[in-house]
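Reminder that position 13 of the sequence shown reads as 4 in this note's numbering, one-by-one numbering, no gaps. By construction, the Cβ of each residue, glycine as well, lies at the ideal position given by its N, Cα and C atoms. Treat the numbers as computed from the prediction; the structure is a model and nothing was measured. I have placed the structure first, in the form of structure tokens, so that the comments after it can refer back to it.
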Amino acid sequence: MTRLVLTPEQTRLIAESREPIQVCDPHGDVLTTIEPPDFTPEEISEAAKAADSNEPRYSTQQVLDHLRSLEPK
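This is the structure in structure tokens:
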């Protein structure tokens, strides 16, 4: 997988955007469009509470491994 690291300014623009963002090459040609997340204030509040809790957390890989272990062999 190719990894592209954004500058702090690019990160801020993406994080604060409430409308689609066009990602362009140096010539101005559109490479892709990023859609901003569509979270409600309630969802953001719930996520913040979950992040502050002491409940166990599992990575995507841990969840997938667990689900695979439940499949019949």
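Beta-bridge annotation (DSSP): T51 is not paired with any residue.
Short of 8 angstroms from the beta carbon of P47, and not among the five residues preceding or following it, lies no beta carbon of its own chain.
In terms of Cα proximity to I25, the closest of R(-6), C15, S60, S50 is C15. Separation of L4 and D56 (C-alpha to C-alpha, rounded to the nearest whole angstrom) is 36 angstroms. If you check the CB distance, Q13 and T23 come in under 9 angstroms.
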